[in-house]
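Asker: 223 is the number that this note's numbering gives to position 12 of the sequence shown; each next residue is one higher, with no gaps. Cβ atoms here follow ideal geometry from the backbone N, Cα and C, with glycine treated the same way. My questions will all concern the structure given below.
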Amino acid sequence: MQTHDYKLFYDQVGQRNGWDFSKVKCQSEGKQWDLYHEVVKICKKSDVLLDIGTGGGEAILKISDSALLLVGIDQSSSMIETAINNGAAADKPNVRFMQMDAEKLDFPNRFFQIASCRHSPFCAREVARVLGDGGIFLTQQVNENDKQNIKEAFGRGQTYGTPAGTLKQQYISELRDAGFADIQSFEYQVTEYYQTAEDLIFLLKHTPIIPDFGHQASDFNILQQFIDENQCEKGIKTNAARFGIIAKL
Numbered sequence: 212m213q214t215h216d217y218k219l220f221y222d223q224v225g226q227r228n229g230w231d232f233s234k235v236k237c238q239s240e241g242k243q244w245d246l247y248h249e250v251v252k253i254c255k256k257s258d259v260l261l262d263i264g265t266g267g268g269e270a271i272l273k274i275s276d277s278a279l280l281l282v283g284i285d286q287s288s289s290m291i292e293t294a295i296n297n298g299a300a301a302d303k304p305n306v307r308f309m310q311m312d313a314e315k316l317d318f319p320n321r322f323f324q325i326a327s328c329r330h331s332p333f334c335a336r337e338v339a340r341v342l343g344d345g346g347i348f349l350t351q352q353v354n355e356n357d358k359q360n361i362k363e364a365f366g367r368g369q370t371y372g373t374p375a376g377t378l379k380q381q382y383i384s385e386l387r388d389a390g391f392a393d394i395q396s397f398e399y400q401v402t403e404y405y406q407t408a409e410d411l412i413f414l415l416k417h418t419p420i421i422p423d424f425g426h427q428a429s430d431f432n433i434l435q436q437f438i439d440e441n442q443c444e445k446g447i448k449t450n451a452a453r454f455g456i457i458a459k460l
């Protein structure tokens with residue numbers, strides 16, 4: 212693709228709704244931790260589960276058989292609209308979606324037994340309140356050194372320049388202050404190969420990796436140079452850096 216083609220594709224991507232990355236072609240190498248796989252292992256059929264930052268709801272719809280009731284919340288009205296539509300198509304009567312701010316959960320105390328959160332902010336104090344004694348919280352978050360070579364190419368980016376592990380330690384501290392006693396954490400990193408420029412543009416358009424990507428004409432020149440320098444037989448090379456936390460009350 213030429214630079215003007217990147218701009219055209221970017222504009223087309225900007226008209227799409229939702230956060231469904233299922234069509235993005237990306238090959239990963241390295242050991243990964245699957246948040247919702249861990250949720251399924253912990254869930255009992257009698258549990259009520261809260262998913263914070265549920266997006267389009269695809270994740271909890273896939274694991275709907277693992278709990279009695281699953282409730283997904285997101286502060287974005289468009290995301291919840293997408294989730295409700297996805298839920299209707301999936302015909303899962305035990306899954307509910309609600310627009311809600313994670314800082315102020317509109318649920319009674321001790322309403323849930325398990326809470327999950329992937330790549331979204333959460334309020335440890337509120338999570339502890341709605342879980343109660345014996346509750347388990349699992350979260351997967353983006354580490355500061357995620358997509359490091361992309362951020363270096365643009366000279367800016369989400370948490371660019373912040374030491375890796377900063378957010379993890381912040382969340383651990385907040386969870387401990389909220390009353391979680393048993394807290395386990397870990398980090399992992401994998402190599403990613405995006406198959407085409409279109410796949411990479413879709414990522415940059417739909418995530419805050421490079422804030423305001425595409426608003427500057429120079430972004431597409433930088434993108435072209437980045438692709439030229441990181442293209443290999445497997446695709447366009449970058450990294451995914453994540454951390455996970457499992458906390459019990």
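Would you kindly work out how many angstroms separate the C-alpha atoms of residue 283 and residue 295, rounded to a whole number?
Answerer: Here the question's residue 283 lines up with position 72 in the sequence shown. Here the question's residue 295 lines up with position 84 in the sequence shown. Spanning the two alpha carbons is a distance of roughly 10 Å.
Asker: Assign residue 226 to buried or exposed, taking buried as 16 or more other Cβ atoms, counted over all protein chains shown, within 10 Å of its Cβ.
Answerer: What you label residue 226 is simply residue 15 of the sequence shown in a count that begins at 1. Its pLDDT being 43, under 50, residue 226 is placed unreliably in this model, and the coordinates cannot settle the point.
Asker: Suppose you measure from the CA of residue 405 to the CA of residue 238; what does that come to, to the nearest Å?
Answerer: If you number the sequence shown from 1, residue 405 lands on position 194. If you number the sequence shown from 1, residue 238 lands on position 27. Distance between the alpha carbons of residue 405 and residue 238: 7 Å.
Asker: From residue 309 to residue 247, what distance separates their C-alpha atoms?
Answerer: Against the sequence shown, residue 309 aligns to sequence position 98. Against the sequence shown, residue 247 aligns to sequence position 36. Going by the C-alpha atoms only, they are around 19 Å apart.
Asker: With 16 as the cutoff for other CB atoms within 10 Å, does residue 329 come out buried or exposed?
Answerer: For the purposes of this step, residue 329 is taken as the residue at position 118 of the sequence shown. Buried, because 16 or more other Cβ atoms sit within 10 Å of the Cβ of residue 329.
Asker: Quick one: what does DSSP say residue 452 is sitting in, helix, strand or coil?
Answerer: Locating residue 452 in the sequence shown gives position 241, where the first residue counts as 1. Three-state result, residue 452: strand.
Asker: Rounded to whole angstroms, what's the CA-CA distance from residue 215 to residue 413? Just pull it up for me.
Answerer: Position 4 of the sequence shown, counting from 1, holds the residue named residue 215. Position 202 of the sequence shown, counting from 1, holds the residue named residue 413. Because the pLDDT of residue 215 is 48, which lies under 50, any placement of that residue in the model is unreliable, and the number read from its coordinates should be weighed accordingly. Roughly 16 Å separates the two Cα atoms.
Asker: Please work out which residues of its chain come closer than 6 Å, Cβ to Cβ, to residue 323, disregarding the five sequence neighbours upstream and downstream, and give them in chain order.
Answerer: Numbered from 1 along the sequence shown, position 112 holds the residue referred to as residue 323. Counting only Cβ-Cβ distances below 6 Å, and skipping sequence neighbours, we find 259, 261, 341, 342.
Asker: Counting C-beta neighbours from all protein chains within 10 Å, is the total for residue 300 16 or more, i.e. buried, or is it exposed?
Answerer: Start at 1 with the first residue of the sequence shown, and residue 300 comes out as number 89. Exposed, by the Cβ-count rule.
Asker: Quickly, what does DSSP pair residue 283 with across the bridge? List them, please.
Answerer: Translated into the one-based positions of the sequence shown, residue 283 becomes position 72. According to DSSP, which records beta bridges pairwise, residue 283 is partnered with 262, 308.
Asker: In the DSSP assignment, find the beta strand (DSSP E) that holds residue 331 and state where it starts and stops.
Answerer: By one-based count along the sequence shown, residue 331 stands at place 120. Unbroken run through residue 331: none, as it is neither H nor E.
Asker: Please classify residue 327 as buried or exposed, where buried requires at least 16 other C-beta atoms within 10 Å of its C-beta.
Answerer: Taking the sequence shown and counting its residues from 1, the one referred to as residue 327 is at position 116. That one is buried.
Asker: Can you list, in chain order, the residues of its chain whose CB lies under 6 Å from that of residue 213, leaving out five sequence neighbours each side?
Answerer: Residue 213 sits at position 2 when you count from the first residue of the sequence shown. Since pLDDT at residue 213 reaches only 43, below the 50 mark, its modelled position is unreliable, and no value is offered.
Asker: Secondary structure at residue 159, three-state DSSP: helix, strand or coil?
Answerer: A query on residue 159 cannot be resolved here, the shown segment of the chain reaching from 212 to 460 and no further.
Asker: Measure the C-alpha to C-alpha separation of residue 255 and residue 380 and round it to an integer number of angstroms.
Answerer: On the sequence shown, residue 255 is found 44 positions in, with the first residue counted as 1. On the sequence shown, residue 380 is found 169 positions in, with the first residue counted as 1. So the two alpha carbons sit approximately 30 Å from each other.
Asker: What residue does the beta strand (DSSP E) around residue 398 start on, and which one ends it?
Answerer: In the sequence shown, counting from the first residue as 1, residue 398 sits at position 187. Segment 393-405, the beta strand (DSSP E) holding residue 398.
Asker: Consult DSSP for residue 460 and reduce its assignment to one of helix, strand or coil.
Answerer: As a position in the sequence shown, residue 460 is number 249, starting the count at 1. It is coil, neither helix nor strand.
Asker: Would you list the residues sitting across from residue 349 in a DSSP beta bridge?
Answerer: Indexing the sequence shown from 1 puts residue 349 at position 138. Paired residue(s): 327, 457.
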